[in-house]
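Protein chains in written order, with our numbering: chain A, 1 to 450; chain B, 451 to 900; chain C, 901 to 1350; chain D, 1351 to 1800.
Virtual Cβ for every residue (Gly too), placed ideally from N, Cα, C.
There are 4 protein chains.
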Amino acid sequence: VGADLAGAADVGRVRVLMEECLAAKGGEVSARTRARRLGGTWLQLSPSGRQRFLALLAEDFAVDHDAVADLAAELTRVPVAERPDVERRLRRALSASRRGLVRQLSAVPGGMKLVVDMRAELLDHLGPVGPDPTTETAALETAALELAALELAALNEDMFDLLLDWFDVGFLELRRISWDSPAALLEKVIAYEAVHRIDSWADLRNRLDSDRRCFGFFHPRMPDEPLIFVEVALARGVASSVQELLDLDAPQSALPDVDTAVFYSISNTQAGLRGVGFGDFLIKRVVEDLQRELPTVRVFVTLSPLPGFRRWFDTAEVGAVAGAAAITVDQVLALRTQLGTMSGTTPAEERENIRAELLRAAAGYLVRAKRGVAPLDPVARFHLGNGARVERLNWQGDSSPKGWKESYGVMVNYRYELSHIEANHEAFASEHAVVTAKAITEMLDPPRRR
Amino acid sequence: VGADLAGAADVGRVRVLMEECLAAKGGEVSARTRARRLGGTWLQLSPSGRQRFLALLAEDFAVDHDAVADLAAELTRVPVAERPDVERRLRRALSASRRGLVRQLSAVPGGMKLVVDMRAELLDHLGPVGPDPTTETAALETAALELAALELAALNEDMFDLLLDWFDVGFLELRRISWDSPAALLEKVIAYEAVHRIDSWADLRNRLDSDRRCFGFFHPRMPDEPLIFVEVALARGVASSVQELLDLDAPQSALPDVDTAVFYSISNTQAGLRGVGFGDFLIKRVVEDLQRELPTVRVFVTLSPLPGFRRWFDTAEVGAVAGAAAITVDQVLALRTQLGTMSGTTPAEERENIRAELLRAAAGYLVRAKRGVAPLDPVARFHLGNGARVERLNWQGDSSPKGWKESYGVMVNYRYELSHIEANHEAFASEHAVVTAKAITEMLDPPRRR
Amino acid sequence: VGADLAGAADVGRVRVLMEECLAAKGGEVSARTRARRLGGTWLQLSPSGRQRFLALLAEDFAVDHDAVADLAAELTRVPVAERPDVERRLRRALSASRRGLVRQLSAVPGGMKLVVDMRAELLDHLGPVGPDPTTETAALETAALELAALELAALNEDMFDLLLDWFDVGFLELRRISWDSPAALLEKVIAYEAVHRIDSWADLRNRLDSDRRCFGFFHPRMPDEPLIFVEVALARGVASSVQELLDLDAPQSALPDVDTAVFYSISNTQAGLRGVGFGDFLIKRVVEDLQRELPTVRVFVTLSPLPGFRRWFDTAEVGAVAGAAAITVDQVLALRTQLGTMSGTTPAEERENIRAELLRAAAGYLVRAKRGVAPLDPVARFHLGNGARVERLNWQGDSSPKGWKESYGVMVNYRYELSHIEANHEAFASEHAVVTAKAITEMLDPPRRR
Amino acid sequence: VGADLAGAADVGRVRVLMEECLAAKGGEVSARTRARRLGGTWLQLSPSGRQRFLALLAEDFAVDHDAVADLAAELTRVPVAERPDVERRLRRALSASRRGLVRQLSAVPGGMKLVVDMRAELLDHLGPVGPDPTTETAALETAALELAALELAALNEDMFDLLLDWFDVGFLELRRISWDSPAALLEKVIAYEAVHRIDSWADLRNRLDSDRRCFGFFHPRMPDEPLIFVEVALARGVASSVQELLDLDAPQSALPDVDTAVFYSISNTQAGLRGVGFGDFLIKRVVEDLQRELPTVRVFVTLSPLPGFRRWFDTAEVGAVAGAAAITVDQVLALRTQLGTMSGTTPAEERENIRAELLRAAAGYLVRAKRGVAPLDPVARFHLGNGARVERLNWQGDSSPKGWKESYGVMVNYRYELSHIEANHEAFASEHAVVTAKAITEMLDPPRRR
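Take a look at the structure:
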């Protein structure tokens, strides 16, 4: 439950508390005490109370737009030599006082997590916006938003700027998560796992066995919270199915024999850090750590879902699908019909009929289906952007109902080769090139027989 | 030694490196590699090379003043609803790209210390400016500075903003420094001690004995560097002489008997953090820690120098001195003459003659001598600003030559009472009130006999 | 599975390995390598192979009884002045070489746990012997044992001597076990809990909640194994039922309010350490720790089972039961009949009828039923021997089927008062006095009405 | 200062305290309290008081020799089947109650160090005995010792047995000692260094520089005391002079270039652990650690003194010296005369004349001079016994006055090759073979010209 901030008196009290936080009165030490009280107030609010709290923060502690306009006008008038001084005043005027409040909240004990969670709630109120700040900005540009919404969005931007700074990867600590980690931490791993649900402590234990690794990034001000973590299976050869990896009864690999590390799950845990990316660093750091620990491991691949494949295949314009997948329009239609009669429980033999064509469609989806100039698939965007290449498709790589629903069970391995990561990234960033293993290329453009 | 950056080619190479750091090309991971290279370059430069490096950073990666002017003009023209967007662009334009470079440098291993030291060098080049950023700002306002100097000053301001944020006291860790601390750390304590020089490891060991405490603030990104540290002596009663405290042969106090903690030395260690204050937090945190550890300790005082007393007494306008000290002009002149015949080695009996009048002068100096509205004495400004009060003056509290030279040997105890700190601070901050023990007040304004 | 040591060749190989461990050849470093190999051999043996390994160790590396006899004869002949030298040789001859082997095994990595587990298996083979070494000795004295059994028993004694020395409480470390402990450790707590089964990780989490404490003793050479641990519930007032404590849905106690610590479960974990007692130290250390952490806690009690009560009540000679319980023979017989018709699921109201008499019987059992001069109940022996007193009986303190089966659901609080522990212990040790709260005494010997 | 235990009353009080420690009365917890008091008593005694304490412990808590004699007589009479039981009682009777007291003292906080230091004092009182327990035993065998001395010696043997067990190398922890170690530990390294005196903290810092390593063994019950430590210099090529290594101004080696680790100082620190050897383990463990850290290091040598060389050369029978050194008697006499005119300050050119012959004498000393069958030189005994070989002699390897006084400045490198250690040790242990590099062999037995 929690307080609601319904009445004007309540709102007024919180406003006064915010103002006191900003007032120099009583010195820095007292300011901290007040910030702690403000944080405590937030924690005890109901959802609607929190919405009011955010609105108050956004609107009453916004930039003074008139002061800014005055300074802008002044800048246009003063001689060049005086500009630096006006610029300085303008810069200060453009920094909303809510930034200072957020900063103060972040500095009290437990405050960093509080601010991250506060932004998560703010994002919920802002509604669906794209996954990166550029897009958020774009969303803002729609003039239809009224002032209040504009200030809420600007508060989000302020918080994003601050979090980007605080969660710079240089501040993060890579820690191994193992069966020797505190139960209080492992409990969070169970809760946060976003790709392949952890069903029990026994399931978790299997994922932390001697032939597994799990690493997470942690922030010194949120030491008990993994920000992102990756689960890795060590094996001889590349696993082609995630069920194989998650099977509690499967034998363990002997470490001296392993030559491959499969990154089969990467989970971001903090909704409030949306847009603050550190996934690419995580993978690179883990690859380096594993190479040091296990020099026999030479191949680093993911086993990744294609979250948008089924939707694309089922609903995209048929000609576009056919073009991307290098099959005919008729084949697409026939496949759609067949798939309409199947489900996650259709016997494997029966599904076998559509294997070749569906895999080709999946290859086409990854390589040719776009949103703008970038790959349509968000996971592909992430790994290709990090310098991986599309390595191999796995028929029925995820045989769970979820796998069927998402991508008709197809999974993909992206491969990270340290010596190619930079060039791949470069090609992707500058020319939007989707670097692809030869086998994939050949599926889409088979070498002509002579 | 070190490279000089003398030729245009050298400078050009560094500029290219800086530009590459800012370029998105190759992704974040590559950007870090380049930042590390840039940091390495800085470390290998000669003093003049570093000066050129700083100039390059300041001038070539400054705010684009024309772009700012254009946006300012645009802001004055657009309808109110479009202002937020222009404001956002303006805010970005006002953030110099050198800020991004400093941020990147700070994030590489060892980078935080590098940035702090870089600012220390920058401050050296900027020349004497006041101890706090407000004053720096003031310095900037003198229009005589040419553009290059303006940009250097603006670079300093950028660095100051960033450091203020990074070194927020919420990020700092209070650690006890003891004889069980690493020698590598203690070596730094010896080097950094700024008030009473540590002559040897034996001297240090004495200051870390069972009846002593030493605490410092540390930053997670500079874990081996104390940012500030305070030395505390535990005793029965308030020590009146620093030589007593530093005497290697003095007996130790038995902990169960102690009732007083004397803060006899506080040293800031990082020149590059000038203006980023955490001294007040340090004292308050240490007082709290000591109260928890040793509940019998009830009195917390400093034993502090009066660094400006002698200069003021010797050189200030004689009427002002007489007025402050509540003695006659003739007495001032007579005292000056007497002091002119004395030195640090004058026998104690002989000095005894001037004791009463000189102590009254010291009281007057602390309570009435001002720079603007604030106390003239910098140490008084610090402790009074933190909420302490002037408690007691100590005749020959520092009998060393340095003590004589600075303040004719007089020292002062400032007292911290947790229950009064906030009120004292408040009175000082809002009304510039110098809170003073009754004994001091009576020295300056003796109760009239009836 | 595992090797069986069936053939003479296999046994011979192990014997040679043992002999090589003892040989000085190749120096200490090589001896360690061989000891590691010997430990590895043990670990890979089947149960019967291990039995043969133990027999080999016991018989082939026993004391040389003839050499001992010769030295004994020599001692009886030599002049007094030469006795010390013969005594020294005799002492060495009396120390079997298997002691050296056990010592070497203990010193390799993982070796201490191996030796402890080895003794656990040895105890299994030796069959039921009393819980303390005195009794083991007694068992040995029965002349019927043949030589092989004698040597096995002597091996046990050798191992016991060594373990007693190695697991001296001065070497043990008290550690708090919490939800922040490694999962690998908590998993062992789940497995080792011997009093009230832990059903799930959720059950464990409840027992490690903010109003609970768990402490264990650890040995530096077995850092991942709790040797013994105790579970404590903090509450306002003394809990009267263990189900109340284990209820996952019960609200937590607020720490500032608690005044009582209930030790509701103590588990020894290492069968191989039988007879090496540290339970009494554990309780005393935990009481001291809790007093320091939570000064408001004043009452320290257990909530303990009466494991032998039902057997005694059901099967002991009826007159003895009546005498102990201060009820008539007829009442005993009537109670037995009634209990014969009840079970753990009999409605509480119905059981209520027998409450008063059964509780009196339980009091009699604790205070008057003996094995020799000591209490018949093993848990009573433990706590009274540690200086606790019998404080209170709890009707249906354990309402589980196990509770009914063991003691018709009755539980008892033993109370530890630091100021009385030594006197209580003394009274128990020297006069076998069962110190008892007044309420218990009055149950058995009600004050006469006047 | 300290109490003297002079009067009978004092002695009586201590005896009662000792008896109470052994009495079961009051339980184990109380026994600990008494042991703590007994330890405190020891710590406050004067040297003569301590001597009386030790005598009391040795004589009043000795073996009951009559009881032992009775049991020995019984053993000679009983049938074979009853022997094990008598043996067991005999074994107990042969274990003096002072052993139990020492054990109890060791288990209180700080007690392990107390027992080690107690044995150091005991060894002082026992007077000069050989460096190893065998020899101590031998010393005991001289029948001239009276009873009191015999019991003191037996007390030493009891303590030795216990310490041998407690300080088993399996219990020890290898820790790196560095400039990041606590000053409180480094202070002890300065005090304990026994080979090349550490003159100052700057000298120590040089020995802990980036191209140096220092490792020590620690015991969990004495965590702040290094038991033994070794100083290692990393370099390109084998250093030939210790002054070179200790030169504060010498440049550091770049780690990637080093190929050699020179063990130039090994110090045992605890006089009370005499005979409890762990030096051989230390070297082997350090070699392994260094190989792991620095794979480019291939050569592991010592730079060792020849502490007995000068005494042997100056005072041994001239024919024996000539024979060992493969020079003529006249050459020996001439050399002695020349050396009589020289000192540590004789110019190097002048010393050069005797270089070849003196080095040959040193080789002869190491290889052929014996005490019994073992090398006369104690350092040679240590390293050869650990499996090293004599590798190289260094003319003026120690140019200090101490070096001249001990060995006319000659030093020797012993080399540890992991693949040969065991065979070398074996050859030394079984055949007393001094394994020697070819260059040394050829000095003593030059290949004939054909």
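7 Å Cβ shell around residue i - same chain, five flanking residues per side excluded
i: R1686(D); result: D1664
i: L101(A); result: M18, C21, L22, L57, F61
i: S1780(D); result: none
i: A459(B); result: none
Beta-carbon separation (whole angstroms), residue i vs residue j, contact threshold 8 Å
i: R1260(C); j: I1227(C); result: 6 Å
i: M411(A); j: L246(A); result: At roughly 13 Å, the Cβ-Cβ gap does not stay under 8 Å, so M411(A) and L246(A) are not in contact.
i: R839(B); j: A887(B); result: 6 Å
i: R1112(C); j: A1133(C); result: 6 Å
Span of the beta strand (DSSP E) around residue i
i: A1161(C); result: 1160-1168
i: E1667(D); result: Premise fails: E1667(D) is in no beta strand (DSSP E) and is neither H nor E.
i: N1506(D); result: Premise fails: N1506(D) lies in the alpha helix (DSSP H), 1497-1516, not in any beta strand (DSSP E).
i: I228(A); result: 228-235
Burial state of residue i, where buried means 16 or more other Cβ atoms lie within 10 Å
i: G130(A); result: With a pLDDT of 38 at G130(A), under the threshold of 50, the modelled position of this residue cannot be trusted; read the value that follows with caution. Flag for G130(A) reads exposed.
i: D64(A); result: exposed
i: P401(A); result: exposed
i: D257(A); result: exposed
i: G912(C); result: exposed
i: H1782(D); result: exposed
i: V115(A); result: buried
i: G31(A); result: Residue identity differs from the one stated: residue 31(A) is Ala in this sequence, not Gly. Under this definition A31(A) is a buried residue.
i: L1040(C); result: Reliability of the predicted coordinates at L1040(C) is poor, the pLDDT of 43 falling under 50, and no value is obtained from them.
i: Q252(A); result: exposed
Residue i, enclosing alpha helix (DSSP H) - first and last residue
i: F452(A); result: Lying outside 1 to 450, the shown extent of chain A, residue 452(A) is not represented and no answer is given.
Beta-carbon proximity list for residue i, same chain, < 6 Å, skipping 5 on both sides
i: E19(A); result: none
i: A138(A); result: Reliability of the predicted coordinates at A138(A) is poor, the pLDDT of 45 falling under 50, and no value is obtained from them.
Beta-carbon proximity list for residue i, same chain, < 8 Å, skipping 5 on both sides
i: V779(B); result: V768, G769, A772
i: T592(B); result: Any reading at T592(B) needs caution, since the residue's pLDDT is 47, under 50, leaving its predicted position unreliable; the model's value is listed next. None.
- Query: Three or more C-beta pairs closer than 8 Å, one from the region 1005-1013 of chain C and one from the region 1452-1459 of chain D: is that the case here?
  - Reply: The region 1005-1013 of chain C, when compared against the region 1452-1459 of chain D, does not touch it at the 8 Å Cβ threshold.
Query - the region 743-760 of chain B / the region 597-609 of chain B touching (three or more Cβ pairs under 8 Å) - result: No, they do not touch.
- Query: Is it a yes or a no for the region 634-641 of chain B touching the region 676-684 of chain B, going by three-plus beta-carbon pairs under 8 Å?
  - Reply: Contact holds: three or more Cβ-Cβ distances are below 8 Å.
Is it the case that the region 484-502 of chain B contacts the region 31-43 of chain A, given that we only count it when at least three CB pairs across the two stretches are under 8 Å?
Here the region 31-43 of chain A does not lie against the region 484-502 of chain B, with fewer than 3 beta-carbon pairs under 8 Å apart.
### Task
Please determine if the region 1514-1522 of chain D and the region 1622-1634 of chain D are in contact, where contact requires at least 3 C-beta pairs separated by less than 8 Å.
Here the region 1514-1522 of chain D lies against the region 1622-1634 of chain D, with 3 or more beta-carbon pairs under 8 Å apart.
Should the region 403-421 of chain A be called in touch with the region 341-348 of chain A, which here means at least 3 C-beta pairs below 8 Å?
Under the Cβ criterion (8 Å, minimum of three pairs), the region 403-421 of chain A counts as touching the region 341-348 of chain A.
Using 8 Å as the Cβ pair cut-off and three pairs as the minimum, do the region 1425-1442 of chain D and the region 1585-1600 of chain D touch? Taking 8 Å as the limit for Cβ pairs, the verdict is that the region 1585-1600 of chain D does not touch the region 1425-1442 of chain D.
* Does the count of Cβ pairs from the region 1279-1299 of chain C and the region 1314-1325 of chain C closer than 8 Å reach three? -> Output reads yes: the region 1314-1325 of chain C touches the region 1279-1299 of chain C.
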